[in-house]
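In terms of numbering that gives the first Met the number 0, the sequence shown opens at residue 0 and continues consecutively.
All residues carry an ideal CB built from backbone N, CA and C; glycine is no exception.
Since the structure is predicted, the reported quantities are computational estimates derived from the model, not experimental observations.
First up is the structure itself, then whatever we jot down about it.
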Amino acid sequence: MTQEMKHLPGMTLPELRSFVEALGEPGYRAMQLFKGMHERRVESFEEFTDLPKLFREKLSGVSILRTLRHASKHVSEDGTRRYLFDTAGGNPVETVFIPTEKRDTICFSSQSGCALKCDFCLTAKLGFLQNLTPGEIVEQIIFALNDVYGPGTETPHGTNLVAMGAGEPFNNYENLLKAVSIMNEETGLFIVPGRITISTVGIVPRILEFSELKRRPNLAISLSAPNDELRDRLMPVNKRWNIDELMSAAAVFQKSLRRGERFTFEYVLLDDVNDSKEHAKQLASVLRRYRLDRVKINLIPHNSAEALDYGAPSIERVEAFKLALEAEGVSAYIRKPRGNDIFAACGQLAAKQGKNPVKALTI
Ligand code: SF4
């Protein structure tokens, strides 16, 4: 991509309008472009059949529709699809499509690699490579929808997006929010904020900023340890903002919640590390202290992966942890791992090119 080439999927409608007007075209062409890219999800300039040929040619000389290069796709036995892309600079990007009976969920990445070094996460092993641009974020969703439903189809109602792929979304805040606003547009993908969840490990100033937004996605905070000693070890971000600071920010966010918005905690269960009944009690007591004990907790059994020293807890341990939380008055839900066999599950995204030696289907 040359410096001047505009990456169109990352532009808002007003930006597109200025862009087309600067090319000497009427402003309404911006809406045609936007609809083509996000509503019909076209893949090439030739497919913009409602635009004059001359304009399409002009566009292809100064802008591009795709920057991500699709590198591979793996399909799990449970239908989960994991995509690997390369950015123009050659950095890996991963996206996971998770079908369920009721609705689809697309788990997208906000960064390539990650700087935060959570000890149980494979992405951390890559280190930080780059922040993804708004267009690179939007492209992941368009690619997954086109792969499953084909271009030109309507985006299925109720598609959920979760920023739980590679990276810490709040460390790429502006780009993330811009991508979200592009995806919210009624004349485009029309994925409303209530269908989007941002998962953070606890970048406290951003949580506070997020609390003040008028229109925003749902928030999930990944806790994964009930005390500072353990959290410092598992999630080094805790040394910057400890549990006390994180919970205080979470309490501010809770107060800002409006009807229909969702707020959850996530807790990755690591076998014999943070999953005892005593840990559950400590967790409940932390939540009570900040009056956060009505916030739902998603329990995510760790997916054991090579290159990590942590194991997956048995289902008995997971159930016991859940019951211990419930006994303390905290609602907990066990998240079923998806795409385990293709390294698509939580904490497993590490730009793996090869298929799982055990069971993955590569197509
Ligand atoms: S869990 Fe998230 S924040 Fe932590 S290292 Fe992995 S990608 Fe980064």
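Going by alpha carbons, who is nearest to residue 180 out of 11, 112, 262? 11
Use the C-beta contact count for residue 364: other C-beta atoms within 10 angstroms, 16 or more gives buried, fewer gives exposed. No answer is possible for residue 364: the residues shown for the chain start at 0 and end at 362.
Helix, strand or coil, according to DSSP, for residue 148 in the structure here? helix
For residue 376 versus residue 107, is the C-beta spacing smaller than 8 angstroms? Missing from the structure shown is residue 376; the chain here goes from 0 to 362 and no further.
Whether or not the segment 313-331 and the segment 287-296 are in contact is what I'm after, with contact meaning three or more pairs of Cβ atoms, one per stretch, closer than 8 angstroms; do they touch? yes
Can you tell me the Cβ-Cβ gap for residue 199 and residue 220, rounded? I've got them flagged as a contact below 8 angstroms. 6 angstroms
Between residue 314 and residue 250, what straight-line distance do the alpha-carbon atoms span, to the nearest angstrom? 31 angstroms
Give me the residue from 157, 178, 113, 85 with the minimum Cα distance to residue 99. 157
Below 7 angstroms, is the gap between the Cβ of residue 201 and the nearest heavy atom of the ligand SF4? no
Only counting runs of 3 or more residues, tell me where the beta strand (DSSP E) segments fall wholly within the segment 41-129, in order along the chain. 68-74, 80-85, 91-98, 103-106, 110-112
Compute the beta-carbon to beta-carbon distance between residue 16 and residue 26, rounded to the nearest angstrom, for a pair I have assumed lies under 8 angstroms. 5 angstroms
Using a Cβ-based criterion (distance less than 7 angstroms to any ligand heavy atom), does residue 126 qualify as near the ligand SF4? no
What does the Cβ neighbour count give for residue 43, buried or exposed, with the cut at 16 atoms within 10 Å? exposed
Using the rule of at least 16 other Cβ atoms within 10 Å of the residue's Cβ for burial, across every protein chain shown, is residue 93 buried or exposed? buried
Are the Cβ atoms of residue 88 and residue 139 separated by less than 8 angstroms? no
Do you know offhand how far residue 234's Cα is from residue 35's? 42 angstroms
The alpha helix (DSSP H) with residue 238 in it runs from where to where? 236-239
Taking the alpha carbon of residue 112 as the reference point, which residue from 84, 201, 178, 76 has its own alpha carbon closest? 84
Any heavy atom of the ligand SF4 closer than 7 angstroms to the beta-carbon of residue 115? yes
For residue 309, the residue or residues it bridges with in DSSP: In DSSP, residue 309 forms no bridge with anything.
Keeping to the same chain, check which residues put their C-beta closer than 6 angstroms to that of residue 105; ignore five residues upstream and five downstream. 96, 140, 143, 160
Residues bridged to residue 263 by DSSP? 219, 295
Opposite residue 161 in the DSSP bridges: which residues? 106, 196
Any heavy atom of the ligand SF4 closer than 7 angstroms to the CB of residue 120? yes
For residue 72, count neighbouring C-beta atoms within 10 Å of its own C-beta (all shown protein chains included) and say buried if the count is 16 or more, exposed if not. buried
The ligand SF4 heavy atoms versus the CB of residue 260: any closer than 7 angstroms? no
Which two residues bound the contiguous alpha helix (DSSP H) that contains residue 323? 314-326
Excluding the five sequence neighbours on either side, which residues of its own chain have a C-beta within less than 8 angstroms of the C-beta of residue 320, listed in chain order? 268, 274, 275, 276, 278, 279, 298, 312, 331
Do residue 41 and residue 29 have their C-beta atoms closer together than 8 angstroms? no
Measuring alpha carbon to alpha carbon, tell me which residue in 285, 148, 109 is nearest residue 178. 109
Whole-angstrom distance between residue 55 and residue 145, CA atom to CA atom: 22 angstroms
Please classify residue 166 as buried or exposed, where buried requires at least 16 neighbouring CB atoms within 10 angstroms. buried
For residue 69 and residue 52, the rounded distance between their alpha carbons: 28 angstroms
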